[in-house]
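Numbering of the sequence shown is given in our numbering, commencing with residue 63 and proceeding in unit increments.
Comments concern the structure below.
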Amino acid sequence: MGKVIRLIYPQARRYSGNLSTHRVTGLATAHSGLTILAEILMSKGHEVRVFDERIAPVPLRKLTEADLVGISIQTMDALQGYRLAGAVREQGVPVVIGGVHASLNPSEALQHADFVIRNEGEETLAELVNEMGAPQPDYSAIKGLSYWEGGKQVHNQARPFIENLDSVPFPNFRLIDGWEQVLMNPFNFFIYFTQVSRGCNFSCNFCSVTRVFGQRFRARSIDNVIEELKTRPRPSQGHLFFLDDSLACDLDYFKQLLDRIATENLVPPYGWHSQMRVDAALDKEMLDLMQRTNCLLVTCGFESINPQTLDYMKKGQTPEKIRQAIRNLHEREIGIIGFWVFGSDYDTVDTIRETLRFVIEEDVDVAGFMPLTPFPGTPFYEDLERQGRIFTKNWELYDVEHVVYHPKLMTPLELFDEINRCYYEFFRLKQVVKGFRKAFSYQRQLPWLSYLGMVLWPTFKYLAFVEERIANRKYRQALYDYSIRGETKALERLNDPEYESLRLHDLLNQRAARKYWRMVARVPENLIAPYLEQDRK
């Protein structure tokens with residue numbers, strides 16, 4: 063008999079203006095993981111629904127009817143995930159927790175759940191649900207599972223990573239509660255999301271990707287990707303958004319994929335966007351293919367122009383390569399979102415300001431500035447933990463917006479204030495006008511949403527900057543009391559998630575703004591109705 067399963071993506075209660083991640087209000091860059099798990103469970107006869115708190119609040123009454131509730135957590139969302147897990151377990155419903163944070167911290171996550179799934183969950187969750195239906199369940203043979211037995215934690219053998227990613231079904235976003243309303247937003251109406259790979263061949267010391275998905279790039283077959291692009295996107299979805307951590311891990315694969323997209327007449331009319339390393343923008347054949355397939359925008363983790371910092375992070379790139387990559391992309395009229403990370407043992411106030419000058423001089427289109435964040439389970443975290451330099455484990459502050467450790471050559475306050483100064487300088491009116499003029503100087507025709515975004519984006523960023531200052535008033539005061547006044551215990555206040563008013567953060571977290579946005583920014587009913595009807599069938 064099939065079971066009732068509910069799967070949840072929680073959202074941190076603490077406000078984040080997404081200054082570094084550049085999440086756009088109304089744009090639901092939906093996680094594909096739980097929708098894939100839902101498809102697998104439904105194929106085995108179970109009734110499944112997915113909830114995403116970034117899209118709509120999770121109604122507890124819809125969870126208490128379940129036989130099992132699954133919660134996928136990233137580090138910054140972990141505390142909210144634990145809150146939801148506690149509320150569900152109080153109703154007598156078992157909870158399984160998975161996701162990046164749980165994979166790297168299974169013992170902690172298991173304190174709030176009945177089960178924890180480590181790393182990839184497609185096979186582990188299906189086996190767990192099947193075993194729960196047995197008269198006398200025995201979980202000892204399920205690889206990748208952690209659970210309680212006799213009051214003690216049991217961590218089963220790790221499960222090997224999935225070799226054949228073609229065996230993984232396409233994500234079904236229609237299973238997300240409230241997804242129809244999401245499609246009413248123009249951004250989501252025109253964008254199709256896909257992911258073609260997992261894992262990474264590189265070993266950046268601050269990144270959790272290799273710990274969760276392995277230090278080896280694995281990809282779906284080209285034929286499998288092409289089949290998805292031929293059959294899944296709606297006619298309106300003319301922009302292709304690759305969710306992969308880095309498609310450029312295997313340039314040969316990426317080139318073959320783009321060549322097939324071109325030869326199969328699948329070039330997205332509104333362009334495509336992906337994350338990639340600097341290496342891709344240094345390869346002429348790769349650049350030509352990107353231009354041929356209408357690449358609109360790339361996100362690059364440049365991280366730093368300080369050679370010592372790049373070596374420290376094990377990035378495998380130099381300032382010269384970064385500069386050349388930026389210029390190569392701009393020559394082909396490809397926009398750049400560049401991420402810059404500050405706070406290594408070789409960073410100072412001067413190197414941060416030097417980086418900002420570089421970003422402005424090289425005309426990076428959009429920049430994200432963030433403190434180096436020690437995500438649990440990464441080599442960077444383990445180094446700082448050994449040195450006793452981490453001053454808070456309030457996971458909601460691990461959002462690449464806040465400083466959570468003692469930098470070596472700066473105070474925490476200096477690092478936090480310098481990053482905020484970068485945003486203030488980068489998004490000032492002069493820079494906005496400069497970028498707007500550049501966009502209209504392009505020879506190729508950009509989709510109208512791109513021009514609209516260029517007009518609205520700086521406004522969103524400015525408002526987010528103001529909201530961040532409001533949200534971080536007490537956080538910054540704690541940094542100030544420690545760094546300037548010498549109050550050694552000031553930082554201890556940050557360990558309490560309730561230290562700052564959660565009601566204020568709920569207000570700033572755009573929960574009300576999301577409802578307003580959906581009322582104002584909507585696709586006309588006559589355009590979207592046929593697609594919604596098709597989805598219901």
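C-beta atoms are modelled at their ideal positions from N, C-alpha and C, and glycine is treated no differently.
Within the chosen definition, does the stretch 398–418 reach the stretch 364–374 through at least 3 CB pairs nearer than 8 Å? Put simply, the stretch 398–418 touches the stretch 364–374. At least three CB pairs are less than 8 Å apart.
Taking the alpha-carbon positions, what's the LEU446 to LEU471 distance? Translated into the one-based positions of the sequence shown, residue 446 becomes position 384. Translated into the one-based positions of the sequence shown, residue 471 becomes position 409. Their Cα atoms are separated by approximately 14 Å.
On a CA-only basis, which of GLY160, LYS551 and GLU184 is nearest ASP176? Give me that one, please. Stepping through the sequence shown from its first residue, residue 176 is reached at position 114. For ASP176, the nearest C-alpha among the options comes from GLY160.
Could you tell me how far apart the beta carbons of GLY132 and ILE67 are, in whole angstroms, since I believe they sit closer than 8 Å? Here residue 132 is taken as the residue at index 70 of the sequence shown, counted from 1. Here residue 67 is taken as the residue at index 5 of the sequence shown, counted from 1. Correct: roughly 7 Å between the Cβ atoms.
Residues that CYS362 bridges to, as DSSP identifies them: For this step, residue 362 is matched to residue 300 along the sequence shown. Beta-bridge pairing links CYS362 to MET338 and GLY400.
Starting from the C-beta of LEU291, find all residues in its chain whose C-beta is less than 6 Å away, skip the five residues before and the five after it, and write them out in chain order. Against the sequence shown, residue 291 aligns to sequence position 229. LEU328.
Name, in chain order, the residues that DSSP records as bridge partners for GLY430. Within the sequence shown, residue 430 is the residue found at index 368, counting from 1. By DSSP's assignment, GLY430 forms a beta bridge with PHE401.
Is there contact here, the stretch 378–396 with the stretch 434–441, by at least three beta-carbon pairs under 8 Å? They do not touch, by the three-pair rule.
In whole angstroms, give me the CA-to-CA distance for THR325 and LEU351. For the purposes of this step, residue 325 is taken as the residue at position 263 of the sequence shown. For the purposes of this step, residue 351 is taken as the residue at position 289 of the sequence shown. If you take the alpha carbons of THR325 and LEU351, they lie about 11 Å apart.
TYR486, buried or exposed, once every other Cβ within 10 Å from all chains shown has been counted against 16: Position 424 of the sequence shown, counted from the start, is the residue given in the question as residue 486. With fewer than 16 other Cβ atoms inside 10 Å of its own Cβ, TYR486 counts as exposed.
Entirely within the stretch 154–209 and at least 3 residues each: give me those beta strand (DSSP E) ranges in chain order. Fully contained in the stretch 154–209 are the following beta strand (DSSP E) runs of length 3 or more, in chain order: 157–160 and 177–179.
Under 8 Å between C-beta atoms of MET138 and TYR460: On the sequence shown, position 76 is the one that residue 138 refers to. On the sequence shown, position 398 is the one that residue 460 refers to. The answer is yes: Cβ separation under 8 Å.
Identify the residues that DSSP records as bridge partners of TYR467: which are they? The residue you call residue 467 lines up with position 405 of the sequence shown. DSSP lists ILE452 as the beta-bridge partner residues of TYR467.
Assuming GLY132 is part of the beta strand (DSSP E), what are its boundary residues? Taking the first residue of the sequence shown as position 1, residue 132 is located at position 70. That run of the beta strand (DSSP E) goes 130–134.
Going by C-alpha to C-alpha distance, which of PHE251, VAL271 and TYR315 sits closest to PRO297? To locate residue 297, count along the sequence shown from 1; it is residue 235. Among PHE251, VAL271 and TYR315, the Cα nearest to that of PRO297 is on PHE251.
Between the alpha carbons of PHE255 and MET104, how many angstroms are there, rounded? Within the sequence shown, the letter at position 193 stands for residue 255. Within the sequence shown, the letter at position 42 stands for residue 104. Straight-line Cα distance between these residues: approximately 21 Å.
Report the option in PHE453, GLU458, TRP457 and ARG490 whose CA atom is closest to the CA atom of LEU475. Locating residue 475 in the sequence shown gives position 413, where the first residue counts as 1. The shortest C-alpha separation from LEU475 is found at PHE453.
In chain order, what residues of the same chain lie with their CB nearer than 7 Å to the CB of GLU127, ignoring the 5 residues before and after it? Looking up residue 127 in the sequence shown gives position 65. The beta carbon of GLU127 is closer than 7 Å to those of VAL66 in its chain, skipping five residues each way along the sequence.
Just mark MET63 as buried or exposed, buried being the case when its beta carbon has 16 or more other beta carbons within 10 Å. Counting from one through the sequence shown, the residue named residue 63 turns up at place 1. Residue environment: MET63 is assigned as exposed (fewer than 16 neighbouring CB atoms within 10 Å of its CB, all protein chains considered).
Can you tell me whether GLY154 is buried or exposed, with buried defined as 16 or more other CB within 10 angstroms of its CB? Position 92 of the sequence shown, counted from the start, is the residue given in the question as residue 154. Exposed is the call here.
Going by the beta-carbon positions, is the gap between THR97 and PHE235 smaller than 8 Å? For the purposes of this step, residue 97 is identified with residue 35 of the sequence shown, where counting begins at 1. For the purposes of this step, residue 235 is identified with residue 173 of the sequence shown, where counting begins at 1. In this structure, PHE235 lies closer than 8 Å to THR97 by Cβ.
Taking the alpha-carbon of ASN167 as reference, which of ILE135, GLN337 and ASN286 has the nearest alpha-carbon? Position 105 of the sequence shown, counted from the start, is the residue given in the question as residue 167. ASN167 has its Cα closest to that of ILE135, out of ILE135, GLN337 and ASN286.
ARG111 to ASP239, Cα distance in whole Å? The residue given as residue 111 occupies position 49 in the sequence shown. The residue given as residue 239 occupies position 177 in the sequence shown. Taking the straight line joining both Cα atoms gives about 7 Å.
Give the DSSP-derived three-state secondary structure of GLU458 in the structure shown. For this step, residue 458 is matched to residue 396 along the sequence shown. Under the three-state reduction of DSSP, GLU458 is assigned to helix.
Between the stretch 297–308 and the stretch 256–264, do three or more beta carbon pairs fall short of 8 Å? Output reads yes: the stretch 256–264 touches the stretch 297–308.
Look up ALA61 in the DSSP assignment and give the residues it is bridged to. Since the first residue shown for the chain is 63 and the last is 599, residue 61 is missing from the structure and cannot be characterised.
Round the Cβ separation of LEU99 and VAL120 to the nearest angstrom and send it over; I've been treating them as touching at under 8 Å. Here residue 99 refers to the residue found at position 37 of the sequence shown. Here residue 120 refers to the residue found at position 58 of the sequence shown. Actually they are not in contact, since the Cβ atoms of LEU99 and VAL120 sit about 17 Å apart, beyond 8 Å.
What is the rounded straight-line gap between the Cα of GLY400 and the Cα of SER259? Translated into positions along the sequence shown, residue 400 becomes position 338. Translated into positions along the sequence shown, residue 259 becomes position 197. Spanning the two alpha carbons is a distance of roughly 22 Å.
Closest by CA to LYS383, which one among ASN482, ARG483 and ALA342? Start at 1 with the first residue of the sequence shown, and residue 383 comes out as number 321. With respect to the C-alpha of LYS383, the residue from ASN482, ARG483 and ALA342 having the closest C-alpha is ALA342.
Let's test the definition: count the other Cβ atoms within 10 Å of the Cβ of GLN142 and tell me whether it reaches 16, buried, or not, exposed. Position 80 of the sequence shown, counted from the start, is the residue given in the question as residue 142. Per the 10 Å Cβ criterion, buried.
Quick check: the Cα distance between MET338 and PHE304, rounded to an integer number of angstroms? Against the sequence shown, residue 338 aligns to sequence position 276. Against the sequence shown, residue 304 aligns to sequence position 242. Approximately 10 Å, taken between the alpha carbons.
What would DSSP say about GLU447, mapped onto helix, strand or coil? Counted from its first residue, the sequence shown places residue 447 at position 385. Correct three-state label for GLU447: helix.
Going by CA-CA distance only, name the one from SER283, LEU187, LYS205 and PHE279 that's closest to SER229. One-based indexing of the sequence shown puts residue 229 at position 167. For the residues SER283, LEU187, LYS205 and PHE279, the minimum Cα distance to SER229 belongs to SER283.
Note down the Cα distance separating HIS174 from CYS362, rounded to an integer number of angstroms. Along the sequence shown, one-based indexing puts residue 174 at 112. Along the sequence shown, one-based indexing puts residue 362 at 300. HIS174 and CYS362: Cα-Cα distance of roughly 36 Å.
Residues that TYR71 bridges to, as DSSP identifies them: Taking the first residue of the sequence shown as 1, we reach residue 71 at position 9. Looking at the DSSP output, TYR71 sits in a beta bridge with ASP114.
Kindly indicate the opening and closing residues of the beta strand (DSSP E) around TYR544. As a working mapping, residue 544 is identified with position 482 in the sequence shown. Here TYR544 belongs to no beta strand (DSSP E); instead the alpha helix (DSSP H) covers 535–545.
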